[in-house]
Amino acid sequence: MIRRFCAYGLEFKDSDAFTHDWCALIPALELAYKTSIHASTGKTPSILEKGWKPKLPVDTLKKYLFNIHPTASIFKLFLDKDKVHETPGFKVGDLILVSTLNFDNIKGPKKLKDSFAGPLIIKALHVKNALQVEISGELENKHPTFPVSLVKNSTSSDKELFPLRNETPL
């Protein structure tokens, strides 16, 4: 049967008029033939020939199918959390910290530089995803408008809990 399939299979074309390399499909055809139950014997050829049934991808899928649902529900929780994520409401005059991820002009080794610069004062709000800040000192040559994704609220340290902490303005 397989020999006949390979001999005449090259004549058949799919909807795009492309003849397949049928020789590459022989292992899949052989597996399908050997794992299907035949009417004459009531058993598969692999059981009659070797005494065991080869493992199919469907068998593995059935084994792990019950784990798919809990994983999908956890993934849905992460997606839903991301959908309801809201940017914090900034107002003119608020103190913020700006991420230094894309700053090239800060001196010193990159791994030792602060991850956020500031606190800086918001001068103006541009739409809902950008804001303009008052820049001075080392960051004067940076453009004063930043996307909200690179900004976070600045919180001052508690003087009662940390009396020796000095906050150095930029």
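Numbered by the numbering used here, the letters in the sequence shown go through residues 19 to 188 in order.
Built from N, CA and C at the ideal position, the CB exists for glycine as well.
Because the structure is a prediction, the values reported are computed rather than measured.
Under a Cβ-count criterion, where at least 16 other Cβ atoms within 10 Å of its own Cβ denotes burial, should residue i be classed as buried or exposed?
{"i": "alanine 135", "result": "buried"}
{"i": "valine 145", "result": "exposed"}
{"i": "isoleucine 55", "result": "exposed"}
{"i": "leucine 79", "result": "exposed"}
{"i": "leucine 182", "result": "exposed"}
{"i": "leucine 157", "result": "buried"}
{"i": "leucine 149", "result": "buried"}
{"i": "valine 110", "result": "exposed"}
{"i": "phenylalanine 180", "result": "exposed"}
When the Cα of residue i is compared with those of the options, which residue comes out closest?
{"i": "threonine 173", "options": "Val151, Ile153, Thr163 and Leu138", "result": "Leu138"}
{"i": "histidine 107", "options": "Pro72, Pro63 and Ser167", "result": "Position check: residue 107 holds glycine in this sequence, whereas histidine was assumed. The shortest C-alpha separation from glycine 107 is found at Ser167."}
{"i": "glutamate 67", "options": "Phe93, Lys94 and Thr53", "result": "Thr53"}
{"i": "lysine 71", "options": "Leu83, Phe96, Ala57 and Tyr51", "result": "Tyr51"}
{"i": "aspartate 112", "options": "Gly126, Val76, Leu143 and Thr89", "result": "Leu143"}
{"i": "histidine 73", "options": "Leu49, Lys125 and Glu178", "result": "The sequence as given places lysine at residue 73; histidine does not occur at that position. Checked all of Leu49, Lys125 and Glu178; the closest Cα to lysine 73 is Leu49."}
With a cut-off of 8 Å on the beta carbons, I'd call residue i and residue j a contact; round off their distance for me.
{"i": "leucine 115", "j": "lysine 170", "result": "5 Å"}
{"i": "serine 154", "j": "serine 133", "result": "Serine 154 to serine 133, Cβ: 20 Å. No contact."}
{"i": "glutamate 152", "j": "lysine 141", "result": "5 Å"}
Going straight from the alpha carbon of residue i to that of residue j, what length do you get?
{"i": "leucine 188", "j": "leucine 130", "result": "Note that leucine 188 has pLDDT 48, beneath the 50 cutoff, so the model's placement of it is unreliable and the number below is only indicative. Taking the straight line joining both Cα atoms gives about 16 Å."}
{"i": "alanine 42", "j": "proline 165", "result": "53 Å"}
{"i": "isoleucine 86", "j": "lysine 99", "result": "20 Å"}
{"i": "phenylalanine 121", "j": "asparagine 184", "result": "24 Å"}
{"i": "leucine 47", "j": "threonine 62", "result": "14 Å"}
{"i": "proline 162", "j": "aspartate 176", "result": "29 Å"}
{"i": "glycine 60", "j": "leucine 83", "result": "28 Å"}
{"i": "serine 58", "j": "isoleucine 92", "result": "48 Å"}
{"i": "glycine 69", "j": "threonine 89", "result": "37 Å"}
{"i": "asparagine 147", "j": "proline 75", "result": "48 Å"}
{"i": "proline 127", "j": "proline 45", "result": "58 Å"}
{"i": "aspartate 77", "j": "serine 64", "result": "16 Å"}
{"i": "leucine 95", "j": "glutamate 178", "result": "39 Å"}
{"i": "leucine 97", "j": "lysine 81", "result": "27 Å"}
Verify the CB distance criterion: does residue i have a CB-CB separation below 8 Å to chain C?
{"i": "leucine 49", "result": "You won't find chain C in this structure, because it holds only one protein chain."}
Exercise. Which ranges would you report for the alpha helix (DSSP H) in the stretch 40-119 if only whole runs of at least 4 residues count?
Worked result: 44-53, 63-68 and 75-101
#### Entry: Start-end ranges of the beta strand (DSSP E) lying completely within the stretch 116-165, minimum 3 residues
134-144, 148-152 and 163-165
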